[in-house]
Amino acid sequence: MKVLATINKEFLLLVRDPGGLALIFLMPLALVIVMALIQDNTFRELQETGIDVLFVDEDLNALSAGIERSFQASPNIRLIKKEPGAPPLTQETARRLVQSGDYQAAVIIPKNATIALRDKTKRAVKELLAHYGFVPRPAAKKDDPAVELQILFDPAIKANYRQTLAAAVEKKIAGVQAEWLTDEMQEHFGGAAQKKKIKIDFSRMIRVNQTDAVANGQPGIALNAVQHNVPAWSMFAMFFILFPLAGNFIREREEGSMLRLRLISGSQFPVVSGKFIFYLLVCLLQLVLMIGVGLHLMPLFGLSKLVLGTNWVGLILTGFAVAMAATGYGLLIAVYFRTPQQALSFGSISVVILAALGGVWVPVFAMPQIMQSVSPYSPLNWGLEAFNALFLRNASTSVILPDLIKLVCFSLVTLAASILITKSRTVS
């Protein structure tokens with residue numbers, strides 16, 4: 085009965101505190117929406133956003149035409165050969181536009197690039213044939229610089245954009261060179277027969293199949309702003325349950341309520357347990373509301389809809405484990421510190437540190453190596469890893485079980501410490 089009475093008392097205290105309700109329910113909802121909107125472009129892949137690329141074609145031949153076709157076939161690159169109402173682009177104009185930040189990149193194909201590259205290809209074939217005695221060895225060329233294609237980048241462009249553009253140009257050049265090599269070989273061995281040249285499609289010889297390594301044969305979900313921020317900031321909000329918990333606990337102690345309870349009964353276990361159970365339920369309600377925002381409210385802001393995966397049992401167990409850890413930590417802070425200022429100051433700073441280490445602010449894979457080695461010691465990292473495994477990889481419960489065990493053990497340790505501290509102060 086004392087446990088139920090404590091739960092009822094905590095409920096009345098919370099509903100009579102509009103500021104506390106806003107802190108644990110409204111503020112996290114606003115925070116997760118704002119953070120998801122801010123980080124959306126950071127998580128969005130290049131193929132989703134696309135970039136404008138200036139294309140300066142001074143070659144006007146086969147090489148530049150092939151590169152242009154390759155870019156035009158790409159859904160994530162918008163090729164611009166001239167601005168509206170302006171003449172075709174020159175190197176100087178493109179450089180000025182990229183330097184000013186109007187465009188993120190420019191590809192420049194110099195004059196006679198096709199002729200120079202074809203000559204180099206012919207020479208390479210002749211040297212190969214001469215090595216095996218089919219033709220005389222060609223005269224050595226002292227000054228034979230490489231054909232230079234330029235890609236100008238805005239310094240503010242992301243590194244993955246640079247890599248994608250450079251890889252696209254290099255891939256097309258390699259394809260053109262392979263085609264010209266086969267043409268030269270056929271021209272040599274065809275001799276006077278004048279047989280029709282065949283075209284060899286090298287792209288059909290090998291195919292790279294990209295799939296996600298997920299469990300249960302279910303398709304994986306790419307990490308995006310919603311999939312990261314909803315579970316991450318849900319846990320952050322759950323750990324901030326220490327504010328109303330510590331505030332009410334210390335207020336009762338200062339007003340003498342705790343002393344009267346001690347005089348009635350020597351055991352503090354029912355009181356502590358009642359507080360733990362009530363705020364555990366509050367944390368679960370926070371999680372349900374945040375998931376509801378991800379499912380129904382995020383799409384209204386143009387963001388992706390939260391995908392929960394298929395393991396509902398794992399999701400429920402993870403929610404309970406995180407809620408237990410958050411409540412246990414808040415209870416320990418409330419019991420240990422003697423003033424609200426001490427409890428709230430230490431509690432808020434420590435939660436922010438644990439969140440940063442756990443990957444809430446920045447995903448763990450984007451952290452420096454030293455921070456990645458520290459991150460696994462944060463309880464928020466255990467919860468986030470479990471949520472990611474469920475949402476992104478459709479993992480089974482056995483996969484996330486180690487993280488759940490760590491969260492539950494953390495909760496039990498903090499709860500036991502809270503009871504021991506309360507008991508020791510009662511005796512003293």
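Per my numbering, the very first residue in the sequence shown carries number 85; after that it's consecutive.
Glycine is no exception: its CB is placed at the ideal position from the N, C-alpha and C atoms.
Under the 8 Å Cβ criterion, the segment 399 to 411 counts as touching the segment 491 to 498, having at least three qualifying pairs. Under the three-state reduction of DSSP, D141 is assigned to strand. Here Q156 carries a helix assignment [DSSP, helix/strand/coil].
Annotated three-state conformation of I290 is coil, per DSSP. For L163, the enclosing beta strand (DSSP E) starts and ends at I161 to I164. Looking only at R162, I117, S502 and L88, the smallest Cα-Cα distance to L379 is reached by I117. For Q188, there is no enclosing beta strand (DSSP E), as DSSP gives it neither H nor E. A Cβ-Cβ separation of about 4 Å places T198 in contact with L147 under the 8 Å criterion. For F237, the enclosing beta strand (DSSP E) begins and ends at Q234 to F237. D487 carries a helical assignment under DSSP once its states are collapsed to helix, strand and coil.
The C-alpha of I484 is placed about 8 Å away from the C-alpha of E469. Taking a contact as a CB-CB distance under 8 Å, the pair L138 and A178 counts as one, their CB atoms being some 5 Å apart.
It is roughly 22 Å from the alpha-carbon of K359 to the alpha-carbon of M111. If you draw a straight line from the Cα of L464 to the Cα of V377, it comes to about 20 Å. In this structure, I257 lies near L201, with their beta-carbon atoms less than 9 Å apart. The segment 151 to 158 makes contact with the segment 239 to 256: 3 or more CB pairs, one atom from each, lie closer than 8 Å. Collapsing the DSSP output to three states places D136 in a strand. Taking 8 Å as the upper bound for CB-CB distance, A189 and I241 are in contact here, some 6 Å apart. For I325, the secondary structure class from DSSP, reduced to helix, strand or coil, is coil.
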